[in-house]
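> First to last, the protein sequences are chains A and B. Counting in the numbering used here, the first sequence runs from 1 upward without gaps. Counting in the numbering used here, the second sequence runs from 1001 upward without gaps. The beta carbon of each residue, even a glycine, is placed where N, CA and C say it ideally should be. Following this message is one structure expressed as structure tokens.
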Amino acid sequence: MLTYIIRRIFYAIPILIGVNLIVFFLFFVVNSPDQMARTILGEKNITQEDVDNWKRQNGYHLPLFLNQEESGGARFTQTTFFQKSVRLFLFDFGTSDANNIDITSQISQRMWASFAIALPTFLIGLLVNITISMIVAYYRATYVDFWGTIVAVIIMSISQLFYIIGGQWVFGKMLRLFPISGYDSGANMLKFVILPVIIGILSGIGGGIRFYRTIFLEEVNRDYVRTARAKGLSETVVLFKHALKNAMIPILTNVVLAIPFLFMGSLVMEAFFAIPGLGGFMIDAIQAQDFAIVRSMVYLGSVLYIIGFLLTDISYTLVDPRIRFD
Amino acid sequence: MLYRKLLKMSDKSYDYRAPAFGHRKRGTEWHYRHPLYGSAVFLTLFAFFIGCGVPNNPYPKSEQNKQIYYSTFDEEPKHFDPAVAYSSDEYNFIQQIYEPPVQYHYLKRPYELIPLTAEAVPQPLYLDASGLKLPPDTPAESVARAIYDIRIRPGIMYQPHPCFAKTEDGEWRYRNLIKADVKGFTEIKDFEMTGTRELIAADYVYQIKRMADPNVSCPIFSTLKNYILGMETYSAALAKGQEDAPFPGVEVVDRYTYRVILKEKYPQFVYWLAMPFFSPMPQEAIDFYKQPVLKERNIVIDRFPVGTGPYRIETLAPNKEIVLVKNENFRIERYPSSGESGDREAGLLADAWEIIPFVPKAVYKLEKEYIPRWNKFLQGYYDTSGISSDTFDSAITFSDAGDASASEALKAKSIVLRTSVSPTTVYLAFNMLDDTVGGYTEAKQKLRQAISIVLDYEEYIEIFLNGRGVASQSPIPPGIFGYEEGEVGMNPYVYHWHAATSRPIRKSVDTARRLLAEAGYPGGQDSKGNPLILHFDNAWTSAGATSILTWIRNRLDELGITMQSRTTDYNRFRDKVKNANFQIISWGWHADYPDAENFLFLLYGPNSRATHGGENTANYDNPAYNRLFEKIKNMENSPERLTLIREMKDILQRDAPWVFTYHPVSFGLAHEWVKNSKPRGLGGGTLKYLRIDASERVQSRQAWNQPVIWPIWACVGFLILGTIPAVITIWKRERGTG
């Protein structure tokens, strides 16, 4: 397994270089360092001298990819791309372009707020989705299955924004059961977390039921299920004991891959509930043209994605004895 | 029956019992637990949660009866360094903390400067080239130096701050710090020891020198270097590392007096002295913050101010909240005893002569979205609020006379509406370098006048701004010297005076058509019969912009002009403006200071955006206007100045380089428990004047936020009823197969 993991880590290096290159290219196709500087410095009374000064201070005065004024390796190293990218591979994200705050400390602070919402939403949502989809699968080809699927499709079809605004209106404004928005640390966090978690679960329930129902229905039509029924086992036992266990691989693929992204936050949810997480951090950076934060977050996302895939592969061996790394 | 059957199954030899309903394994034994056990626990916890007072209160119960001001911000402030900060998001905070020498009177309008830390509003001393004193009304061309001696009041102390902390031996407590000294530190309050010292004139001089430092990137340096003697040279020397270079434009006269020397007469300079750029900065703060271990921890002057103002930052989490608390060392300052007419009736002078600040703590929460912010304001959890278009109709009603007031629903909650005209001008700029819409011939003037007439901004204000605007006649907004009401202030090229109602009436579309025909485009076609197509460049990507663009298009259609919208991202749009690659754009300007010069300079030729990178986005360059501007820019307000400003306005109205659109009116709402609230478009630092009636707030919150629980019980009941058929089905199936 160790050899496999090491091999996968080596595979990750060109992927990360590629991601970094693409992000850099795309960002500077849309923006120039001059435009970045003007956005960050503001609109009023800004001269080209101020712009040049800002670029020099923030390391954007060098050519983007190739420095014709240098010779040898310096033609590539004395460029904005090289200077900005190398440190990323050491997980040194540096400081933001807009206000020089340390990006690593911001990420380490904000990811817990994102996590506080995402983890319970994910775990409870998973439990609810699997339970309901098993019930729907249990009642397959009945009115429960029919209406369950229709309701799931309806839930899927509605924007998350609707659930958020509607949830705030019903639970926060009309019933006055939860704060409409806000966030706090420690035990006070609970009252702020309940409403976004409920809304997160509700908004994700449609897709979840559809996905897991399909998996369970696929399983209940397999030979081993027929054998179990032939043995005289009850439908409950067949479903909960046999089908559930065998459905674990697609469930794990979905679940393990999602775990690293629990830290990355949800943009809309965080904005409406005033949660100081990473979703808002990223979107603010895009709006402010803060390339330092954008590239750090994309890089981090890529690393987490690679880790997610690696964990998924490892988890397969744990639930399915037929799968071996060698 | 089902459970009994399942329990029976558990007696069998195979271990299929685990999934059975309601069973938990303890050791090797399976025990039955009713399936509603979890729900009962949840409901008990829920009932307890509901029972704890008002469950939707976002604040700790301990804050309930305290005089805390609750407000919001929707953008994270990026800079707290007064030499760098220049946006309203930042000014909302730093103007409570830093104190420039002068401030605007809280209540009086037009805006009036009064001393803050200074003993008096500084008056300039003018000298000629030989150093002889000149009278105040000396023409600008005779003045070689303008000297401002600013004397600050003794006894003003800085907030408690670790940068001033000293050991018993008199050594700095927090200098030469190493990593271990600040392990786990994230904020200033993590430092145990603090100190203070008296504000001295050298602190102001030090700050002006910082503004010249290229490493600080002060946004107004490019403006100030044209006025303050030696600033540019000093900045260049700093860029070369010559920190001891001379800066003749600023000097310390004595412990409490400093001097600023300008190269020319510039009466508006005193307004700059009211901005946070000119706040004092103790050198101890910079010495403290420049330590590498603090920089590594984001503990820098750009985040943690050191001021003499009424408040200091207690909690700085810009991604969540910013908490200000009263500066323990704040001197005795009193609430104003006079204001403008109507202030006394509005209760704004009830606290005259009282010691300020009233509110010991202010909590600002980050709320990016308007809907939750508005709902929390209605619940009493925010003390003040603005109004968006979405809620305008439900929040504001207009009388027959057109006066706005809070709606009945808001009045029932004793919410008070305050309005004020913002010192802002919004305009459509024609590119004067463009072949079609630019130029200074009579035909071109008539083309632009025709467009100005047909773009009915009274209608626009009604449709798109819910009446929150004043149609503009010139660049100068109400409240600024040079703005005139009545016929004398009217733009005669767009309006005619209606004596019966004493108000200007926009000229007819027929008049506009005639002007267009005289401009060479009868019916919107040129002499060859080609339609007149104009491009409107913008960065309006939101859904709401479509209706505005349609409105502009429809209005121009009335003249036969085809308007094509060219929408791009903001970067491209800004480049187009910079390179004069447009025909018509929409732009705006918010005053830095309340002087006509700060608006009229927007059309001064040498400020052209395309040729000089200035703020003149229309690239208007009329020599007659330029000459007048050069005269008025250095004049004190006087009848002579007003005459010249009228001439300038007349030139602008005739040339029409802009479609003068509107000056926004800001509508603000406040709960009745917020006392002394008066909107102000210029200057900040108004928190110190506000007073909160905490007991009234507690009562209102309690009354407005009692939880409604019955729908929850109804849902639980429906859920239980709904599960019965399912349970029966399971039971039947199990009995059939088990």
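#1: Would you verify that the beta carbon of B/Pro1664 is, or is not, closer than 9 Å to some beta carbon of chain A?
#2: Just the Cα atoms here: how many angstroms apart are B/Thr1186 and A/Gly182?
#3: Residues of chain B with CB closer than 7 Å to the CB of A/Glu49, please, in chain order.
#4: Beta strand (DSSP E) containing B/Tyr1311: first to last residue?
#5: If you draw a straight line from the alpha carbon of A/Gly232 to that of A/Phe91, how long is it in whole angstroms?
#6: Output needed for A/Arg38: all residues of its chain with C-beta closer than 7 Å, excluding positions within five of it in sequence on either side, in chain order.
#7: Put A/Arg324 into one of helix, strand or coil per three-state DSSP.
#8: Should B/Ala1018 be labelled buried (16 or more other beta-carbon atoms within 10 Å of its own) or exposed?
#9: Closest by CA to A/Val268, which one among A/Ser159, A/Ile209, A/Tyr143, A/Phe89?
#10: Tell me whether B/Pro1531 is buried or exposed, calling it buried when 16 or more other Cβ atoms sit within 10 Å of its Cβ.
#11: Between which two residues does the alpha helix (DSSP H) harbouring B/Arg1566 extend?
#12: Could you give the DSSP three-state label for B/Lys1061: helix, strand or coil?
#13: With respect to the beta strand (DSSP E) encompassing B/Arg1418, which residues constitute its N-terminal and C-terminal limits?
#14: Assuming contact is defined by CB atoms lying nearer than 9 Å, are B/Val1323 and B/Ala1362 in contact in what I supplied?
#15: What number of angstroms, rounded off, separates the C-alpha of A/Thr95 from the C-alpha of B/Asn1319?
#16: Mind listing the chain A neighbours of B/Gln1706? Cutoff is C-beta to C-beta under 8 Å, in chain order.
#17: Quick one: what does DSSP say A/Gly207 is sitting in, helix, strand or coil?
#18: Look at B/Asp1128 and A/Val30 and say whether their C-beta atoms are less than 9 Å apart.
#19: Just to make sure I have the definition right: I need the residues of chain A whose C-beta is within less than 8 Å of the C-beta of B/Asp1302. Which are they?
#20: Anyone know if the C-beta pair for B/Arg1646 and B/Val1488 falls short of 9 Å?
#21: Kindly indicate if chain B contains any beta-carbon less than 9 Å away from that of A/Glu70.
#22: Please identify the residue among B/Gly1668, B/Glu1672, B/Arg1173, B/Ala1543 whose C-alpha is closest to the C-alpha of B/Met1193.
#23: How long is the line joining the alpha carbons of A/Ile314 and B/Pro1077, rounded to whole angstroms?
#24: Report the CB separation of B/Tyr1158 from B/Thr1308 in whole angstroms; it is logged as a contact under 8 Å.
#25: Could you check where the alpha helix (DSSP H) with B/Glu1462 kicks off and where it finishes?
#26: Is it true that the stretch 1373-1386 of chain B meets the stretch 1065-1085 of chain B, where meeting means three or more beta-carbon pairs spaced less than 8 Å apart?
#27: When we look at the beta-carbon of B/Asn1616 and count the other beta-carbons within 10 Å, is it buried (16 or more) or exposed?
#28: Between which two residues does the alpha helix (DSSP H) holding B/Pro1214 run?
#29: Can you give me, in chain order, the residues of the stretch 1054-1076 of chain B that have a beta carbon less than 8 Å from any beta carbon in chain A?
#30: Using the beta-carbon of each residue, which ones in chain A are nearer than 8 Å to B/His1079?
#31: So that I know if they touch, is there some Cβ in chain B lying closer than 9 Å to that of A/Asp92?
#32: Going along chain A, which residues have a C-beta under 8 Å from B/Leu1113?
#33: Starting from the beta carbon of B/Arg1574, find every residue of chain A whose beta carbon is closer than 8 Å, and list them in chain order.
#34: Between A/Met134, A/Leu62, A/Leu311, which has its C-alpha nearest A/Leu2's C-alpha?
#35: Pick from B/Pro1101, B/Tyr1059, B/Tyr1111, B/Ile1097: whose alpha carbon is nearest that of B/Gly1479?
#36: Starting from B/Met1157, follow its DSSP beta bridges and name the residues at the other end.
Taking the geometry as given:
#1: Numbered from 1 along the second sequence, position 664 holds the residue referred to as residue 1664 of chain B. No, because no Cβ of chain A sits closer than 9 Å to the Cβ of B/Pro1664.
#2: Position 186 of the second sequence holds residue 1186 of chain B. Position 182 of the first sequence holds residue 182 of chain A. Distance between the alpha carbons of B/Thr1186 and A/Gly182: 22 Å.
#3: Locating residue 49 of chain A in the first sequence gives position 49, counting from the first residue. Those are Ser1222, listed as they occur along chain B.
#4: Here residue 1311 of chain B refers to the residue found at position 311 of the second sequence. Residues 1311-1317.
#5: Here the question's residue 232 of chain A lines up with position 232 in the first sequence. Here the question's residue 91 of chain A lines up with position 91 in the first sequence. C-alpha separation (whole angstroms): 57 Å.
#6: Taking the first sequence and counting its residues from 1, the one referred to as residue 38 of chain A is at position 38. Correct list, in chain order: Ile46, Val51.
#7: To locate residue 324 of chain A, count along the first sequence from 1; it is residue 324. It is coil, neither helix nor strand.
#8: Position 18 of the second sequence, counted from the start, is the residue given in the question as residue 1018 of chain B. Only weak support is given to the placement of B/Ala1018: the predicted model assigns it a pLDDT of 39, under 50, and the value that follows is read from those uncertain coordinates. Under the 10 Å beta carbon count, B/Ala1018 is surrounded by fewer than 16 other beta carbons and is classified as exposed.
#9: Counted from its first residue, the first sequence places residue 268 of chain A at position 268. Among A/Ser159, A/Ile209, A/Tyr143, A/Phe89, the Cα nearest to that of A/Val268 is on A/Ser159.
#10: Here residue 1531 of chain B refers to the residue found at position 531 of the second sequence. Its Cβ having fewer than 16 others within 10 Å, B/Pro1531 is exposed.
#11: Within the second sequence, numbered from 1, the residue matching residue 1566 of chain B stands at position 566. First-last for B/Arg1566: 1562-1567, but that is the beta strand (DSSP E), not the alpha helix (DSSP H).
#12: Residue 1061 of chain B sits at position 61 when you count from the first residue of the second sequence. Reduced to three states, the DSSP call for B/Lys1061 is helix.
#13: Looking up residue 1418 of chain B in the second sequence gives position 418. 1415-1421 is the extent of the beta strand (DSSP E) around B/Arg1418.
#14: Here residue 1323 of chain B refers to the residue found at position 323 of the second sequence. Here residue 1362 of chain B refers to the residue found at position 362 of the second sequence. In this structure, B/Ala1362 lies closer than 9 Å to B/Val1323 by Cβ.
#15: Indexing the first sequence from 1 puts residue 95 of chain A at position 95. Indexing the second sequence from 1 puts residue 1319 of chain B at position 319. Their Cα atoms are separated by approximately 16 Å.
#16: As a first step, residue 1706 of chain B must be located in the second sequence, where it is residue number 706. In chain order: Arg176.
#17: Mapped onto the first sequence, residue 207 of chain A falls at position 207. It is helical.
#18: Here residue 1128 of chain B refers to the residue found at position 128 when the second sequence is read from its first residue. Here residue 30 of chain A refers to the residue found at position 30 when the first sequence is read from its first residue. Here B/Asp1128 is not near A/Val30, since their CB atoms are 9 Å or more apart.
#19: Taking the second sequence and counting its residues from 1, one reaches residue 1302 of chain B at position 302. In chain order: Asn99, Asn100.
#20: Along the second sequence, one-based indexing puts residue 1646 of chain B at 646. Along the second sequence, one-based indexing puts residue 1488 of chain B at 488. A contact, by the Cβ cut-off of 9 Å.
#21: As a position in the first sequence, residue 70 of chain A is number 70, starting the count at 1. Output row for A/Glu70: interface = no.
#22: Counting from 1 along the second sequence, the entry for residue 1193 of chain B is found at position 193. For the residues B/Gly1668, B/Glu1672, B/Arg1173, B/Ala1543, the minimum Cα distance to B/Met1193 belongs to B/Arg1173.
#23: Residue mapping note: residue 314 of chain A aligns to position 314 of the first sequence, counting from 1. Residue mapping note: residue 1077 of chain B aligns to position 77 of the second sequence, counting from 1. Near 44 Å, if we compare the C-alpha coordinates of B/Pro1077 and A/Ile314.
#24: By 1-based counting over the second sequence, the position of residue 1158 of chain B is 158. By 1-based counting over the second sequence, the position of residue 1308 of chain B is 308. So it is a contact: roughly 5 Å between Cβ atoms.
#25: Within the second sequence, numbered from 1, the residue matching residue 1462 of chain B stands at position 462. 1457-1464 is the span of the alpha helix (DSSP H), which, as asked, contains B/Glu1462.
#26: Taking 8 Å as the limit for Cβ pairs, the verdict is that the stretch 1065-1085 of chain B does touch the stretch 1373-1386 of chain B.
#27: Within the second sequence, residue 1616 of chain B is the residue found at index 616, counting from 1. Label assigned to B/Asn1616: buried.
#28: The count along the second sequence starts at 1 and reaches residue 1214 of chain B at position 214. First-last for B/Pro1214: undefined, no H or E at that position.
#29: Val1054, Pro1055, Asn1056, Asn1057, Pro1058, Pro1060, Glu1076
#30: In the second sequence, the residue the question calls residue 1079 of chain B occupies position 79. The answer, in chain order, is Asn99.
#31: Sequence index remark: in the first sequence, residue 92 of chain A carries index 92 (1-based). No, because no Cβ of chain B sits closer than 9 Å to the Cβ of A/Asp92.
#32: If you number the second sequence from 1, residue 1113 of chain B lands on position 113. Per Cβ cutoff of 8 Å: no residues; B/Leu1113 is ~21 Å from chain A at best.
#33: Start at 1 with the first residue of the second sequence, and residue 1574 of chain B comes out as number 574. Within 8 Å Cβ-Cβ: Gln35, Arg38.
#34: Walking along the first sequence from the start, residue 2 of chain A turns up at place 2. Here the closest residue by C-alpha is A/Leu311.
#35: Translated into the one-based positions of the second sequence, residue 1479 of chain B becomes position 479. Ranking B/Pro1101, B/Tyr1059, B/Tyr1111, B/Ile1097 by Cα distance to B/Gly1479 puts B/Tyr1111 first.
#36: On the second sequence, position 157 is the one that residue 1157 of chain B refers to. Looking at the DSSP assignment, B/Met1157 forms a beta bridge with B/Glu1198.
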